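Colleague: Please read through the structure below; I'll follow up with questions.
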Amino acid sequence: MRSFYVTTPIYYISGDPHIGHAYTTIVADVLARTARAGGEARFQTGTDEHGQKVADAAAAAGQTPQAWCDALVPRWKELFALYNVQYDDFIRTTEPRHERVVQAVFEKMLASGDVYLGKYEGWYCVDDETFWPQAKLVEGKCPTCGRAVQWLSEDDWFFRLSKYTARLKEHFRAHPDWVRPRAVYNEMTAILDEGLEDLSISRSNFDWGIPVPQSAENISGKAVIYVWFDALLNYISALDWPDGAQMKQCWPANVQLVGKEIARFHTLIWPAMLWSIGEPAPELVFAHGWITLEGEKIGKSRGNAVDPFALAERFGADSLRYFLLREAPFGSDFSYSEEKIVQRYNSDLGNDLGNLLRRSLSMLAQYRESLVPPAVSGELAGRFADLGPRVRDLILRLQFREALEAIWELVTALNRAIDERKPWVLYKEEQGADLDALLYELCEGLRWLAILLAPFMPERAREMWAQLGAGEAIDAGWETALRWGGLAAGTLTTPGDALFPRKEPVR
Ligand code: ME8
1 MRSFYVTTPI YYISGDPHIG HAYTTIVADV LARTARAGGE ARFQTGTDEH GQKVADAAAA
61 AGQTPQAWCD ALVPRWKELF ALYNVQYDDF IRTTEPRHER VVQAVFEKML ASGDVYLGKY
121 EGWYCVDDET FWPQAKLVEG KCPTCGRAVQ WLSEDDWFFR LSKYTARLKE HFRAHPDWVR
181 PRAVYNEMTA ILDEGLEDLS ISRSNFDWGI PVPQSAENIS GKAVIYVWFD ALLNYISALD
241 WPDGAQMKQC WPANVQLVGK EIARFHTLIW PAMLWSIGEP APELVFAHGW ITLEGEKIGK
301 SRGNAVDPFA LAERFGADSL RYFLLREAPF GSDFSYSEEK IVQRYNSDLG NDLGNLLRRS
361 LSMLAQYRES LVPPAVSGEL AGRFADLGPR VRDLILRLQF REALEAIWEL VTALNRAIDE
421 RKPWVLYKEE QGADLDALLY ELCEGLRWLA ILLAPFMPER AREMWAQLGA GEAIDAGWET
481 ALRWGGLAAG TLTTPGDALF PRKEPVR
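Read in my numbering, the sequence shown has 23 at position 23, and its numbers run on one by one without any break.
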């Protein structure tokens, strides 16, 4: 069966991860969890370990690059575990399974004539690991990150990228949604219109990389493959290209998530590399915006990194997941602020959702000894009948904020049902049937919320599920789980601690 395949960039392991790295990985996790609730899915992330940037970081720490990477990888895995990220594969570019594929691809391109020997003269930005011709520099600096560039003059191997310009243009024309959001699509077609130059894909002035295969006539005897050529191939090396079973099941990827600063690599260079070896381009590259701090992209090398470990400790990992996906439409930049996190935490999570669970279960305890009354199918059941497919579609279209807004319609409706139908009055006036009906709707609605929120807040959703006594199957397919009446009469609920205990506002 064809499997839904979602990837994140593989992260440079030049230091500890920051909140931006957690962000893309959490988004991929939400997608994968949603896809898994309706079929097969594969979610892959990992680390980009070669190149000058990593070598420099290791040297500054007085370590070999390999020892440096080996010591840091657990830190990244720890972060993803802390944020309840459930990837299927974590690839490191220093693994033999990856190096083998990179060399095989290089050899295949050499044989077809898409790789040839030439001379590179121009500039190089170490921080972005990018070659820049003189004409592209901005005031003599890297046009992407604004840092100083270094002059390179080397005999290098080149990839015949220019040859694919026409095919790229046609691909962009025929698939106007293959690069999203639209602004990035437009930016990429503008670059295409200027024309593409062949790309240097080896480096001979340093050695932390995958060696150019021996079958290639090696210029200096120690050339290594350019880190981006190496890194992009992670998406298929982990599928065991060319003939692995995963390759057949998963390629082309359904969604490749990247930050907008690396859209060019993924939408202009990557498809050309794939076509050169006879593989199709991914179905969608989504280049999302940046989390910013005082208007600047948060990033390790800018020294304004926000520590995601400390944040999870303070607010809970699931609350952060919620915040990151709810705060801005996916694609746009948004500015990070603790005030905003606390505000959303206390209002959306604490008041709307947490109190709804607490109030519902404490009324059930008070009036019905915590036992779920017989199922009823009232007005809410009809109104929200299609909520599951709606939320699923929105998530799979990467409209996470809209998906959460749709889920919150149910949260609001349940809170309103309590306020309007006043269970305390029903109890006092001994309107037992109406009280039963309302309590059932609240519990069943909460069960739906736990299922729908599980991709976003897996751990908190499980806690809701446990308090509801709803059984084992929160991960069962949505199709069967989201049928009104799933919560059985007589189920014993167990009110527990507050889901989102109140936080003091930031002063
Ligand atoms: O570029 N806001 O790695 P990298 C949102 N190794 N997302 C952010 C972010 C921010 N402030 N900062 C980082 C590389 N990210 C290459 C990729 S892929 C074949 C090779 C996220 O460590 C975002 O996804 O610089 C961005 O593209 C990625 O981290 C860059 O991580």
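Cβ coordinates follow ideal geometry from the N, Cα and C atoms, glycine included. Since this is a predicted model, take the numbers as computed values, not measurements.
1) Count Cβ pairs between the region 7-22 and the region 73-86 that sit closer than 8 Å; are there 3 or more?
2) What are the partner residues of I474, as DSSP defines its beta bridges?
3) Would W151 be called buried (16 or more neighbouring beta carbons within 10 Å of its own) or exposed?
4) A174 lies in the beta strand (DSSP E); which residues open and close that run?
5) Excluding five sequence neighbours on each side, which residues of the same chain lie with their C-beta closer than 7 Å to the C-beta of V510?
6) Can you find a heavy atom of the ligand ME8 that lies under 6 Å from the Cβ of T491?
7) Please report how far the alpha carbon of I210 lies from the alpha carbon of D352, in whole angstroms.
8) Going by DSSP, what residues sit across from Y12 in a beta bridge?
9) Buried or exposed for Q66, please, with buried defined as at least 16 other CB atoms from any protein chain shown within 10 angstroms of its CB.
10) If you measure between the beta carbons of D207 and K222, is that distance less than 7 Å?
11) Could you tell me whether the Cβ atoms of F80 and T25 are closer together than 7 Å?
12) To which residues of the same chain is L492 closer than 7 Å at the C-beta, ignoring the five residues directly before and after it?
13) Starting from I291, trace the beta strand (DSSP E) in both directions and tell me its first and last residue.
14) Could you check the C-alpha separation between A22 and P308 for me, to the nearest Å?
15) When you compare the region 180-199 with the region 281-300, are there three or more beta-carbon pairs, one atom per stretch, that lie closer than 8 Å?
16) CA-CA distance, T189 and A417?
17) Starting from V376, follow the alpha helix (DSSP H) in both directions and report where the run begins and ends.
18) Quick one: does the C-beta of H528 sit closer than 6 Å to a heavy atom of the ligand ME8?
19) Determine the direct distance from the alpha carbon of V227 to that of E129, and round the result to whole angstroms.
20) Is it the case that the CB of K297 approaches a heavy atom of the ligand ME8 more closely than 6 Å?
21) Anyone know if the C-beta pair for Y336 and F315 falls short of 7 Å?
Modeller: In short:
1) With contact defined as three or more Cβ pairs closer than 8 Å, the region 7-22 and the region 73-86 are in contact.
2) I474 is not bridged to any residue.
3) Under a 10 Å Cβ-count criterion, W151 is classified as exposed, with fewer than 16 other Cβ atoms of the shown protein chains found around its own Cβ.
4) Run containing A174: none in the beta strand (DSSP E); it sits in the alpha helix (DSSP H), 165-174.
5) The structure shown has nothing for residue 510, since the chain only spans 1 to 507.
6) Answer for T491: no, Cβ out of range of the ligand ME8.
7) Between I210 and D352, the alpha-carbon positions lie close to 52 Å from each other.
8) DSSP lists D48 as partners of Y12.
9) Result: exposed.
10) Yes, the pair counts as a contact, with Cβ atoms nearer than the cut-off.
11) Yes, the pair counts as a contact, with Cβ atoms nearer than the cut-off.
12) Result list for L492: S370, L371, G469, in chain order.
13) Run containing I291: 291-293, per the beta strand (DSSP E) assignment.
14) Counting only the Cα atoms, P308 lies some 7 Å from A22.
15) Cβ pair count under 8 Å is three or more, so yes.
16) For T189 and A417, the distance between alpha carbons rounds to 51 Å.
17) Unbroken run through V376: none, as it is neither H nor E.
18) Nothing about residue 528 can be read from this structure; the chain reaches only from 1 to 507.
19) Spanning the alpha carbons of E129 and V227 requires a straight line of approximately 7 Å.
20) Here the distance from the Cβ of K297 to the nearest heavy atom of the ligand ME8 is below 6 Å.
21) In this structure, the beta-carbon distance from Y336 to F315 does not fall below 7 Å.
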